[in-house]
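**Student:** When you read off a place in the sequence shown, starting at 1, and then add 187, the result is the number in our numbering. Backbone N, C-alpha and C define an ideal beta-carbon position, used for all residues, glycine too. These figures come from a predicted structure and were not determined experimentally. First the structure, which I've put down as structure tokens, then a few questions once you've had a look.
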Amino acid sequence: GAAAIGSVSFAREDGGPIATLDLSQVTQGADAGFVASRDGFHWTFAPGAASKGSFAWVAAQVSAR
188 GAAAIGSVSF AREDGGPIAT LDLSQVTQGA DAGFVASRDG FHWTFAPGAA SKGSFAWVAA
248 QVSAR
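See below:
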């Protein structure tokens, strides 16, 4: 299973939406890592230091609201 972290939305400079990605973390098994998903597509990022820092920042922004 995956634990939801939150989501991040991307927009153009004029404020028009580009995409929203749902973020989650898988802690066990062959798919362990961080997952970004949209419209049924999933991208898995290895649980390396760079991705941990990025996803931790997003999680902090989501929890601060």
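Could you tell me whether any non-hydrogen atom of the ligand COA is closer than 7 Å to the CB of Thr-231?
**Tutor:** This structure simply doesn't include the ligand COA, nor any ligand for that matter.
**Student:** Rounded to the nearest angstrom, what separates Gln-212 and Ala-189 at their Cα positions?
**Tutor:** Taking the sequence shown and counting its residues from 1, one reaches residue 212 at position 25. Taking the sequence shown and counting its residues from 1, one reaches residue 189 at position 2. Distance between the alpha carbons of Gln-212 and Ala-189 is about 5 Å.
**Student:** Please report how far the alpha carbon of Ala-219 lies from the alpha carbon of Glu-200, in whole angstroms.
**Tutor:** The count along the sequence shown starts at 1 and reaches residue 219 at position 32. The count along the sequence shown starts at 1 and reaches residue 200 at position 13. When rounded, the distance between both Cα atoms is 34 Å.
**Student:** Gly-203 to Ser-196, Cα distance in whole Å?
**Tutor:** For the purposes of this step, residue 203 is identified with residue 16 of the sequence shown, where counting begins at 1. For the purposes of this step, residue 196 is identified with residue 9 of the sequence shown, where counting begins at 1. Each residue's Cα considered, the two are about 11 Å apart.
**Student:** Can you tell me whether Phe-221 is buried or exposed? The criterion is at least 16 other CB atoms within 10 Å of its CB, across all chains shown.
**Tutor:** Here residue 221 is taken as the residue at index 34 of the sequence shown, counted from 1. Buried is the call here.
**Student:** Restricting to Cα atoms, I'd like to know which of Leu-208, Trp-244, Val-245 is closest to Trp-230.
**Tutor:** Within the sequence shown, numbered from 1, the residue matching residue 230 stands at position 43. Closest by alpha carbon: Leu-208.
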